[in-house]
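J.:
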Amino acid sequence: MTILHADMQWQPVMAAVQQAKQIHIVAHVCPDADTIGSQLALYHALKAMGKCVFMHNQDIAPYICRYLPGVDDITHGDVPTDIAADLVIAVDAGSLGRLGMDSAYFEGKMLMNIDHHASNTRYGDINLVDARYCATGAMIYDLLQYLNVPLDASSAAAIYAAVLTDTASFRLASVNADVHRMTADLIDAGADVGLASQSIYQSHKPARFELLKDALDSLEVRHEGRSAWLSIERVSYERTGLCGEDSEGFIDYARSIEGVEIAVFIREEKAQQWKVSFRGKAPCDVGIVAGKLGGGGHQYAAGCTMHGTLSEVRENINDILVDTLD
Ligand SMILES: [Mn+2]
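Counting from 1, position 87 in the sequence shown corresponds to residue 123 in the numbering used here; the numbering is continuous, with no gaps.
#1: Are the CB atoms of M146 and A56 within a distance shorter than 9 Å?
#2: What runs of the beta strand (DSSP E), each 3 residues or longer, lie entirely inside the segment 237-292?
#3: With A69 and I236 assumed to form a contact (beta carbons below 8 Å), what rounded beta-carbon distance in angstroms separates them?
#4: So is V124 in contact with chain C if we call contact Cβ pairs under 9 Å?
#5: Less than 9 Å between the beta carbons of M91 and G106, yes or no?
#6: With a threshold of 16 other CB atoms inside 10 Å of the CB of Q75, please say whether the residue is buried or exposed.
#7: Give, in chain order, every unbroken run of the alpha helix (DSSP H) that is at least 4 residues long and sits entirely within the segment 162-242.
#8: Under 9 Å, do Y392 and A251 count as touching if we go by C-beta distance?
#9: Below 8 Å on the Cβ atoms is my guess for V62 versus I162; work out the distance and round it to an integer in Å.
#10: Relative to the alpha-carbon of V127, which residue among A120, Y103, V115, D166 has its alpha-carbon at the smallest distance?
#11: Going by Cα to Cα distance, which pick from R262, G130, S292, S347 is closest to E304?
#12: Just to confirm, is the Cβ distance from T172 to T71 under 9 Å?
#13: List the DSSP bridge partners of S313.
#14: Distance check for W310 and A225, CA to CA, integer angstroms please.
#15: My output table needs one value for A69: the three-state DSSP class, helix, strand or coil.
#16: For my contact list, V124 and M148 are in at a C-beta cut-off of 8 Å; report their separation, rounded to the angstrom.
#17: Determine the contact status of G332 and A198, defining contact as a CB-CB distance below 9 Å.
#18: Does the contact criterion of 3 or more C-beta pairs under 8 Å hold for the segment 94-108 versus the segment 175-182?
#19: I'd like to know whether the C-beta atoms of Q335 and A213 end up nearer to each other than 9 Å.
#20: Provide the residue span of the alpha helix (DSSP H) that contains D359, from first to last.
#21: Taking 8 Å as the line, does the beta carbon of A198 fall inside it for any heavy atom of ligand 1?
#22: As a quick exercise: from R244, D253, A140, T360, pick the residue whose alpha carbon is nearest that of G277.
#23: For R293, I'd like the list of residues in its chain whose CB is within less than 6 Å of its CB, leaving aside the five on either flank, ordered along the chain.
#24: Considering only C-alpha positions, which residue in the set R158, H152, S272, V115 is nearest to A140?
#25: By DSSP's criteria, L147 is part of a beta bridge. Which residues make up the other side?
#26: For a test of the three-state rule: what should DSSP assign to C88, helix, strand or coil?
#27: Are there any heavy atoms of ligand 1 lying less than 8 Å away from the beta-carbon of H153, as far as the coordinates show?
#28: May I ask you to check if the CB of A209 is nearer than 8 Å to at least one heavy atom of ligand 1?
#29: Which word fits F206, buried or exposed, when buried means at least 16 other C-beta atoms lie within 10 angstroms of its C-beta?
#30: So for A97, helix, strand or coil by DSSP?
#31: Rounded C-beta distance between V296 and G344? I'm assuming under 8 Å.
#32: Tell me whether the beta-carbon of A77 lies closer than 9 Å to the beta-carbon of S191.
#33: For my contact list, V349 and I302 are in at a C-beta cut-off of 8 Å; report their separation, rounded to the angstrom.
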């Protein structure tokens, strides 16, 4: 086994977990495979330690995670009032708002924040935040070693899904030799690479490609070829019966264009409200771009929420990109 980062403040995390009687692990809203994989891996590990632990999120897990062991144990929706926990562990959530939960719920509970977003607001009583990690799942991989829990096949599968997706299939600059050594451990422990690949990348609904057509129709290259833009309006989601998660990955088509440094994907969440994603190529830092628009993220992947008409939103983003690409 490999420790990715031994210089982390693991001690308070381990102490809080050891002392906790009932632990609630929570993923962020619109969950992705990193937050769900982290949640599941930690769940299996804490159960193996004999801890009383449960998983409850605001939103349902995405279909690409349905193959992961334990995913059916996750409940979702508003937090039931009869839930009692003395420790809440948030995974992969950059801010308290990302949990989508009433802040009153956290009163009288210890809140632990485990995340790899550079923009993390350190909202926890204990914050284990480090942007060197390629995925929050990779932080859980280190944590399990400090907790002395053997890596079982269920945890390994969950961490593998987290790392695979958050590194865009091991293609991001965050992937170094240690990440591959970790991945080798995950496979040795029983992570099924073929099943992951089929479940995550080869199980799309046919209607997704109707949505992709609409997105590609909107493709526009600006700034002398240095930025590429895609957008999807609500009417397309309504026509195809799909939702935001079904357009996951579309932005990579924009980034894959030669010479493009910043890719922008704008999708309508509800009337006049837009979820904006950014993907970058070196030397750009789209985390800074998203930060200027009230969002956050990493150097090569970031996002924000904006309001107004599509053309207003595009102009506001354009103003920031003009400065960034200068
Ligand atoms: Mn993540």
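By construction, the Cβ of each residue, glycine as well, lies at the ideal position given by its N, Cα and C atoms.
A quick note: this is a predicted structure, and the numbers were derived from the prediction, not measured.
T.: Per the coordinate set shown:
#1: Taking the sequence shown and counting its residues from 1, the one referred to as residue 56 is at position 20. Taking the sequence shown and counting its residues from 1, the one referred to as residue 146 is at position 110. Against a cut-off of 9 Å, the Cβ pair of M146 and A56 comes out as a contact.
#2: 256-258, 263-268
#3: Counting from one through the sequence shown, the residue named residue 69 turns up at place 33. Counting from one through the sequence shown, the residue named residue 236 turns up at place 200. 7 Å between Cβ atoms; contact.
#4: The structure shown has no chain C; it contains just one protein chain.
#5: Here residue 91 corresponds to residue number 55 of the sequence shown, with the count starting at 1. Here residue 106 corresponds to residue number 70 of the sequence shown, with the count starting at 1. Yes. Within cutoff.
#6: Translated into the one-based positions of the sequence shown, residue 75 becomes position 39. It is buried - the Cβ of Q75 has at least 16 other Cβ atoms within 10 Å.
#7: 172-182, 189-202, 213-224, 229-237
#8: Any answer about residue 392 is impossible in this case: the structure gives the chain only from 37 up to 362.
#9: By 1-based counting over the sequence shown, the position of residue 62 is 26. By 1-based counting over the sequence shown, the position of residue 162 is 126. Between I162 and V62 the Cβ distance is about 14 Å, and since that is not below 8 Å, they are no contact.
#10: Looking up residue 127 in the sequence shown gives position 91. Out of A120, Y103, V115, D166, D166 has the C-alpha closest to the C-alpha of V127.
#11: Sequence index remark: in the sequence shown, residue 304 carries index 268 (1-based). Nearest of R262, G130, S292, S347 to E304, Cα basis: S347.
#12: Taking the first residue of the sequence shown as position 1, residue 172 is located at position 136. Taking the first residue of the sequence shown as position 1, residue 71 is located at position 35. It is a contact, given that the beta carbons lie within the stated cut-off.
#13: Locating residue 313 in the sequence shown gives position 277, counting from the first residue. According to DSSP, which records beta bridges pairwise, S313 is partnered with F301, G339.
#14: As a position in the sequence shown, residue 225 is number 189, starting the count at 1. As a position in the sequence shown, residue 310 is number 274, starting the count at 1. In a straight line, the C-alpha of A225 is about 41 Å away from that of W310.
#15: Translated into the one-based positions of the sequence shown, residue 69 becomes position 33. Of the three classes helix, strand and coil, the one that applies to A69 here is helix, per DSSP.
#16: The residue given as residue 124 occupies position 88 in the sequence shown. The residue given as residue 148 occupies position 112 in the sequence shown. So it is a contact: roughly 7 Å between Cβ atoms.
#17: For the purposes of this step, residue 332 is identified with residue 296 of the sequence shown, where counting begins at 1. For the purposes of this step, residue 198 is identified with residue 162 of the sequence shown, where counting begins at 1. Going by C-beta atoms, G332 is not nearer than 9 Å to A198.
#18: no
#19: Translated into positions along the sequence shown, residue 335 becomes position 299. Translated into positions along the sequence shown, residue 213 becomes position 177. No, the Cβ-Cβ distance between Q335 and A213 is not below 9 Å.
#20: For this step, residue 359 is matched to residue 323 along the sequence shown. Looking at the DSSP string, the run of the alpha helix (DSSP H) that includes D359 is 346-360.
#21: Locating residue 198 in the sequence shown gives position 162, counting from the first residue. Answer for A198: yes, Cβ within range of ligand 1.
#22: On the sequence shown, residue 277 is found 241 positions in, with the first residue counted as 1. Nearest C-alpha to G277: R244.
#23: Here residue 293 refers to the residue found at position 257 when the sequence shown is read from its first residue. Per the sequence shown, residue 293 should be read as Ile rather than Arg. Answer for I293: A264, listed in chain order.
#24: Taking the first residue of the sequence shown as 1, we reach residue 140 at position 104. Selected option, being the one with the closest Cα: V115.
#25: In the sequence shown, counting from the first residue as 1, residue 147 sits at position 111. According to DSSP, which records beta bridges pairwise, L147 is partnered with V124.
#26: For this step, residue 88 is matched to residue 52 along the sequence shown. Three-state result, C88: strand.
#27: Here residue 153 refers to the residue found at position 117 of the sequence shown. Checking every heavy atom of ligand 1 against the Cβ of H153, one is found closer than 8 Å.
#28: Within the sequence shown, residue 209 is the residue found at index 173, counting from 1. No, ligand 1 has no heavy atom inside 8 Å of this Cβ.
#29: One-based indexing of the sequence shown puts residue 206 at position 170. So F206 ends up on the exposed side.
#30: Counting from 1 along the sequence shown, the entry for residue 97 is found at position 61. A97 falls in the coil class under three-state DSSP.
#31: To locate residue 296, count along the sequence shown from 1; it is residue 260. To locate residue 344, count along the sequence shown from 1; it is residue 308. Actually they are not in contact, since the Cβ atoms of V296 and G344 sit about 25 Å apart, beyond 8 Å.
#32: What you label residue 77 is simply residue 41 of the sequence shown in a count that begins at 1. What you label residue 191 is simply residue 155 of the sequence shown in a count that begins at 1. Yes, Cβ-Cβ distance for A77 and S191 is below 9 Å.
#33: The residue you call residue 349 lines up with position 313 of the sequence shown. The residue you call residue 302 lines up with position 266 of the sequence shown. Contact holds; Cβ gap of about 6 Å.
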